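Colleague: Next up is a structure, given as structure tokens.
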Amino acid sequence: MNRFALPLVGAGAAALAFSIAAGAAGTVAVSAAPPASAPRVQAGAGLAGTTLVATTKLTAAQAGDLAAMAEEEKVARDLYRAFAARYPSRVWDNIAAAEASHLAAVRTLLARYGIADLTAGRAEGSFASATFQAMYDGLLATGSVSEVAAFGVGRTVELDDIARLDAAAARATQADVRQVYANLRRGSTQHLRAFERQLAR
3 MNRFALPLVG
13 AGAAALAFSI
23 AAGAAGTVAV
33 SAAPPASAPR
43 VQAGAGLAGT
53 TLVATTKLTA
63 AQAGDLAAMA
73 EEEKVARDLY
83 RAFAARYPSR
93 VWDNIAAAEA
103 SHLAAVRTLL
113 ARYGIADLTA
123 GRAEGSFASA
133 TFQAMYDGLL
143 ATGSVSEVAA
153 FGVGRTVELD
163 DIARLDAAAA
173 RATQADVRQV
183 YANLRRGSTQ
193 HLRAFERQLA
203 R
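Start counting at 1 in the sequence shown, then tack on 2, and there's your number in the working numbering.
Laid out in structure tokens, this is it:
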């Protein structure tokens with residue numbers, strides 16, 4: 003089932019965020035009686051009483067991948083929201099909503115594995131990392147020239163996201179992390195196609 007069909011708004015986007023984080027049935031480790039010390043993330047609406055727990059630790063590289071992925075998804079979400087406020091095409095609202103769900107899925111993994119969320123409490127367009135701040139500022143300036151330029155920025159963002167996801171997935175060993183990366187990659191591929199369709203008009 004394609005989890006990234008657009009549009010994604012309201013309750014649908016919230017449901018998608020959990021669907022991404024949970025993955026396909028049997029993919030995420032679920033424990034009926036986990037050790038008291040185990041980190042827990044409540045499953046939320048629809049699976050009340052189910053507790054998802056991390057069963058293994060991430061390496062430093064894997065943890066770094068997840069932390070960076072949250073910033074990457076925030077860059078995309080914030081850019082597309084900024085373009086939605088500037089340009090008339092509905093594609094911006096649709097894909098920005100999907101990116102918000104992507105970010106929520108990555109944040110679920112950060113909480114599950116006890117990794118600091120560098121995007122937490124940050125205003126739109128604000129980033130903890132100087133690298134991601136410079137990326138956002140540069141892309142926003144480029145996309146503010148025209149909507150066509152903004153569509154080109156969207157294509158660039160999604161290509162970069164796919165490359166980062168491929169690299170992170172190659173280092174990932176946990177089933178839940180790999181499932182989230184696979185789902186995000188499918189979404190980014192759809193977003194890329196949407197932007198390319200706009201550029202081809």
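Virtual Cβ for every residue (Gly too), placed ideally from N, Cα, C.
Computed from a predicted structure; not experimentally measured.
Count the CB pairs spanning the segment 76–95 and the segment 175–189 that are closer than 8 Å, and state whether there are at least three.
Modeller: No, the segment 76–95 does not touch the segment 175–189.
Colleague: Along the chain, where does the alpha helix (DSSP H) that runs through Gln64 open and close?
Modeller: Along the sequence shown, one-based indexing puts residue 64 at 62. Counting along the chain, the alpha helix (DSSP H) containing Gln64 begins and ends at 62–88.
Colleague: Measure how close the beta-carbons of Arg157 and Leu194 come, nearest whole angstrom, since I'm counting them as under 8 Å.
Modeller: Counted from its first residue, the sequence shown places residue 157 at position 155. Counted from its first residue, the sequence shown places residue 194 at position 192. Yes, Arg157 and Leu194 are in contact; Cβ-Cβ is about 6 Å, under 8 Å.
Colleague: By Cβ distance, which residues of its chain are closer than 7 Å to Ser128, with the 5 residues on each side in sequence left out?
Modeller: What you label residue 128 is simply residue 126 of the sequence shown in a count that begins at 1. Answer for Ser128: no residue qualifies.
Colleague: Extract the residue ranges of the alpha helix (DSSP H) inside the segment 122–178, only unbroken runs of 4 or more that lie entirely within it.
Modeller: 132–145, 149–173
Colleague: Is it the case that the Cβ atoms of Val93 and Ala196 are separated by a distance below 9 Å?
Modeller: Your numbering for residue 93 matches position 91 in the sequence shown. Your numbering for residue 196 matches position 194 in the sequence shown. In this structure, Ala196 lies closer than 9 Å to Val93 by Cβ.
Colleague: Pick from Ser148, Leu68, Val150: whose alpha carbon is nearest that of Thr121?
Modeller: As a first step, residue 121 must be located in the sequence shown, where it is residue number 119. Comparing C-alpha distances from Thr121 to each of Ser148, Leu68, Val150 shows the shortest one belongs to Leu68.
Colleague: So, using beta-carbon positions, are Phe85 and Ala152 closer together than 9 Å?
Modeller: The residue you call residue 85 lines up with position 83 of the sequence shown. The residue you call residue 152 lines up with position 150 of the sequence shown. Against a cut-off of 9 Å, the Cβ pair of Ala152 and Phe85 comes out as a contact.
Colleague: To the nearest angstrom, how far is the alpha carbon of Pro37 from that of Thr191?
Modeller: One-based indexing of the sequence shown puts residue 37 at position 35. One-based indexing of the sequence shown puts residue 191 at position 189. Legend: pLDDT at Pro37 = 33, less than 50; position of this residue unreliable, no value from coordinates given.
Colleague: CB Glu198 to CB Ser131, shorter than 9 Å?
Modeller: Residue mapping note: residue 198 aligns to position 196 of the sequence shown, counting from 1. Residue mapping note: residue 131 aligns to position 129 of the sequence shown, counting from 1. Not in contact: Glu198 and Ser131 (Cβ atoms no closer than 9 Å).
Colleague: Go ahead and pull the three-state DSSP assignment for Leu120.
Modeller: Working through the sequence shown from its first residue, we reach residue 120 at position 118. For Leu120, the three-state secondary structure derived from DSSP is coil.
Colleague: Note the first and the last residue of the continuous alpha helix (DSSP H) segment covering Thr2.
Modeller: Because the chain is modelled from 3 through 203, residue 2 falls outside the range shown and cannot be assessed.
Colleague: Buried or exposed: Ser148, going by 16 or more other Cβ atoms within 10 Å of its Cβ?
Modeller: To locate residue 148, count along the sequence shown from 1; it is residue 146. Classified as exposed, Ser148 has fewer than 16 neighbouring CB atoms from the shown chains inside 10 Å of its CB.
Colleague: Among the candidates Ala107, Ala113, Glu75, Ala118, whose CA atom is the shortest distance from the CA of Tyr138?
Modeller: For the purposes of this step, residue 138 is taken as the residue at position 136 of the sequence shown. Taking only the C-alpha atoms, the option nearest Tyr138 is Glu75.
Colleague: For Asp162 and Thr175, I'd like the C-alpha separation in whole angstroms.
Modeller: Walking along the sequence shown from the start, residue 162 turns up at place 160. Walking along the sequence shown from the start, residue 175 turns up at place 173. Near 22 Å, if we compare the C-alpha coordinates of Thr175 and Asp162.
Colleague: Does Arg203 come out as helix, strand or coil in the three-state DSSP assignment?
Modeller: As a working note, residue 203 is residue 201 in the sequence shown. If DSSP states are grouped into helix, strand and coil, Arg203 belongs with coil.
Colleague: What does the Cβ neighbour count give for Ala13, buried or exposed, with the cut at 16 atoms within 10 Å?
Modeller: The sequence position of residue 13 within the sequence shown is 11, counting from 1. Here the model assigns Ala13 a pLDDT of 35, short of 50, so the residue's position is not dependable, and the following value carries that caveat. So Ala13 counts as exposed.
Colleague: So, with DSSP's three-state summary, where would you put Thr58?
Modeller: Stepping through the sequence shown from its first residue, residue 58 is reached at position 56. Note: Thr58 maps to coil in three-state DSSP.
Colleague: Would a C-beta distance cut-off of 9 Å place Ser103 and Gln200 closer than the cut-off?
Modeller: Numbered from its first residue, the sequence shown carries residue 103 at position 101. Numbered from its first residue, the sequence shown carries residue 200 at position 198. No, these two residues do not count as a Cβ contact at 9 Å.
Colleague: Of the residues Met71, Ala87, Arg88, Ala125, which one's Cα is nearest the Cα of Glu101?
Modeller: Here residue 101 refers to the residue found at position 99 when the sequence shown is read from its first residue. The shortest Cα separation from Glu101 among Met71, Ala87, Arg88, Ala125 belongs to Met71.
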